[in-house]
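Trainee: Residue numbers (the numbering used here): 462 to 696.
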């Protein structure tokens with residue numbers, strides 16, 4: 462006689478993709494629905510960029526970063542399903558979403574010395590599963606063996622509209638043409654950087670968000686995840 466049961470697994474969900482496709486919002490919603498931990502890897506790079514910006518450093522010089530970051534202290538604390546970013550004793554939130562910090566973070570993240578250290582921390586945080594992590598190299602570099610890998614994309618018009626809405630919601634100016642230019646420049650940097658370039662993992666599922674609402678995006682990912690979380694097991 463064989464008895465079939467439903468084995469519940471705590472998996473790693475890796476979400477990669479282009480800027481302004483809804484990665485972090487989707488990852489956060491999925492984590493809340495599954496009672497998983499959400500880790501926004503991009504926020505970690507933006508924290509480094511913010512720290513340098515606060516020191517008046519606005520141009521990346523890779524050979525000087527170890528010296529500039531000697532006093533840099535990054536730690537993450539869990540609040541509900543979220544990991545909150547602290548630099549020193551300062552909690553960072555909206556500071557990390559400023560356009561100039563996001564743009565600078567793209568340059569900072571291309572420095573191997575920075576990536577190696579943050580990737581090690583990301584792996585430590587997600588090593589036991591039960592994690593939704595979003596970024597640009599999660600499924601290809603950080604967790605190449607993640608059970609569920611997703612690559613998010615959208616056409617540029619949809620991405621511009623999404624980013625414009627985000628900025629206006631924060632009371633910030635939103636120039637569509639400037640946003641379009643910034644997104645395309647970001648794509649170019651992310652796709653061509655020598656270390657951990659943005660690319661789709663061979664076994665990643667593509668999620669085109671051009672015509673999807675955030676709830677629809679979240680629902681799709683949850684359905685994919687449940688196929689793996691509630692895997693049948695026989696005894």
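C-beta: ideal position from N, C-alpha, C; glycine also.
In chain order, what residues of the same chain lie with their CB nearer than 6 Å to the CB of residue 568, ignoring the 5 residues before and after it?
Mentor: So the qualifying residues of the chain are 521.
Trainee: How is residue 544 classed by DSSP in three states: helix, strand or coil?
Mentor: It is a strand residue.
Trainee: Return the CA-CA distance between residue 661 and residue 679, expressed in angstroms with no decimal places.
Mentor: Going by the C-alpha atoms only, they are around 19 Å apart.
Trainee: Enumerate in chain order the residues of its own chain whose CB-to-CB distance from residue 482 is below 7 Å, with the five nearest sequence positions on each side excluded.
Mentor: Cβ within range, chain order: 613, 614, 615, 620 and 670.
Trainee: Suppose only complete runs of 3+ residues qualify. What are the beta strand (DSSP E) ranges in the stretch 462 to 545, listed by chain order?
Mentor: Counting whole runs of 3 or more residues, the stretch 462 to 545 contains the beta strand (DSSP E) stretches 465 to 469, 473 to 478, 498 to 501 and 535 to 540.
Trainee: For residue 733, does the three-state DSSP call read helix, strand or coil?
Mentor: The question about residue 733 has no answer here: the residues shown for the chain are numbered 462 through 696.
Trainee: Got a sec? Which residues, its chain only, sit under 6 Å from residue 650 by beta carbon, not counting five neighbours each side?
Mentor: Excluding positions up to five away in sequence, the list reads 567.
Trainee: Less than 8 Å between the beta carbons of residue 502 and residue 583, yes or no?
Mentor: Cβ distance < 8 Å, so residue 502 and residue 583 count as in contact.
Trainee: Quick check on this structure: which residue in 512, 607 and 480 has the alpha carbon closest to the alpha carbon of residue 699?
Mentor: Outside the modelled stretch of the chain, which goes from 462 to 696, sits residue 699, for which no answer is possible.
Trainee: So what does residue 666 bridge to, in DSSP terms?
Mentor: Answer by DSSP bridge pairing, in chain order: 611.
Trainee: Assign residue 490 to one of two classes, buried (16 or more other C-beta atoms within 10 Å of its C-beta) or exposed (fewer than that).
Mentor: Burial call: buried.
Trainee: Decide if residue 674 is buried, meaning its Cβ has at least 16 other Cβ atoms within 10 Å, or exposed.
Mentor: That one is exposed.
Trainee: State the beta-bridge partners of residue 593 as determined by DSSP.
Mentor: BP columns for residue 593 point to 474 and 499.
Trainee: Between the Cα of residue 578 and the Cα atoms of 516, 551, 533 and 473, which residue gives the shortest distance?
Mentor: With distances taken between Cα atoms, residue 578 lies closest to 533.
Trainee: Should the stretch 633 to 646 be called in touch with the stretch 468 to 476, which here means at least 3 C-beta pairs below 8 Å?
Mentor: In short, these stretches do not touch, since the Cβ pair count stays below three.
Trainee: In the DSSP assignment, find the unbroken alpha helix (DSSP H) run with residue 578 in it and report its ends.
Mentor: Per DSSP, residue 578 belongs to the alpha helix (DSSP H) from 573 to 587.
Trainee: If we call anything under 8 Å between Cβ atoms a contact, is residue 689 one with residue 681?
Mentor: The answer is no: Cβ separation not under 8 Å.
Trainee: Using only CA atoms, which one of 509, 600, 543 and 500 lies nearest to residue 529?
Mentor: Nearest option by C-alpha distance: 509.
Trainee: Looking at residue 477 and residue 597, is the spacing between their C-beta atoms short of 8 Å?
Mentor: Yes.
Trainee: List the DSSP bridge partners of residue 553.
Mentor: Paired residues: 546.
Trainee: What span of residues does the alpha helix (DSSP H) with residue 640 cover, start to end?
Mentor: Per DSSP, residue 640 belongs to the alpha helix (DSSP H) from 637 to 653.
Trainee: Can residue 475 and residue 594 be called in contact, C-beta distance under 8 Å?
Mentor: For residue 475 and residue 594, yes; Cβs fall inside 8 Å.
Trainee: Assign residue 610 to one of two classes, buried (16 or more other C-beta atoms within 10 Å of its C-beta) or exposed (fewer than that).
Mentor: Counting Cβ neighbours within 10 Å, residue 610 comes out buried, since at least 16 surround it.
Trainee: Please classify residue 581 as buried or exposed, where buried requires at least 16 neighbouring CB atoms within 10 angstroms.
Mentor: The residue in question, residue 581, is exposed, as its Cβ has fewer than 16 Cβ neighbours within 10 Å.
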